[in-house]
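J.: Can you keep this structure in mind? I'll have questions shortly.
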Amino acid sequence: MVVGGTAREALDKRENDHRHASVEASLTHYSASTGVDFSMYGLDESIERASTNGNQRAKPVTLRQIIDQTVLGCRMRAIVGSGRSTGGSPESLSF
Numbered sequence: 001m002v003v004g005g006t007a008r009e010a011l012d013k014r015e016n017d018h019r020h021a022s023v024e025a026s027l028t029h030y031s032a033s034t035g036v037d038f039s040m041y042g043l044d045e046s047i048e049r050a051s052t053n054g055n056q057r058a059k060p061v062t063l064r065q066i067i068d069q070t071v072l073g074c075r076m077r078a079i080v081g082s083g084r085s086t087g088g089s090p091e092s093l094s095f
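Those letters in the sequence shown? Residues 1 to 95, per the UniProt record's numbering, in order.
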C-alpha cells in the first residue's frame, strides 16, 4: 500500500519506489515462486497460462505486466492513493 496526502503524492511515491527497485530481483523471486522460466520470453510476449504448484493464472500475461505488478516484491497490485481513497488512515487498517 502506498499512501500520500493526495492521490498524486501517492503516485509520485510509487514511481520513486519503482525507480529504486530491482526488476531482476523481482523477476527472479517471481520465477522461483511460480516455476516459470521467464528468460524465454520478451517483455511484451504473452506468457501462456502455466499450471504449476505456485502458479494458477486464469489468463496470459506479459513480463511487462508482471514487472509492473511485482517490482516492489509483492504479487498483489499495490493500493495507491490518499488516506481517504484507500479506506481511511493506515493506522486503521489491519494486515
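All C-beta atoms in this analysis are idealised placements derived from N, C-alpha and C, irrespective of residue type, glycine included. Owing to the predicted nature of the structure, the values given are computational and were not obtained by experimental measurement.
Beta-carbon within less than 8 angstroms of Ser82's beta-carbon, same chain only, minus the 5 sequence neighbours each way: which residues are those?
T.: The residues are Val3, Gly4, Gly5, Thr6, Ala7, Glu9, Ala10.
J.: So what does Val80 bridge to, in DSSP terms?
T.: In the DSSP output, where bridge partners are listed per residue, Val80 has Val2.
J.: Starting from the Cα of Thr28, find the closest Cα among Asn16, Ser39, Arg19 and give me that residue.
T.: With distances taken between Cα atoms, Thr28 lies closest to Ser39.
J.: With a threshold of 6 angstroms on Cβ separation, who are the neighbours of Tyr41 within its own chain once the five nearest residues in sequence on each side are excluded?
T.: Only Ile47, Leu63 meet the Cβ criterion.
J.: Considering only C-alpha positions, which residue in the set Thr34, Asn16, Arg14, Glu24 is nearest to Ile67?
T.: Nearest C-alpha to Ile67: Glu24.
J.: Tell me the rounded alpha-carbon separation between Val61 and Ser33.
T.: Each residue's Cα considered, the two are about 16 angstroms apart.
J.: Should Ser22 be labelled buried (16 or more other beta-carbon atoms within 10 Å of its own) or exposed?
T.: Exposed: under 16 other Cβ atoms inside 10 Å.
J.: My assumption, with CB atoms under 8 angstroms, is that Ser31 sits in contact with Thr70. Please give the rounded CB distance.
T.: With 8 angstroms as the limit, Ser31 and Thr70 do not qualify as a contact, their Cβ atoms being about 10 angstroms apart.
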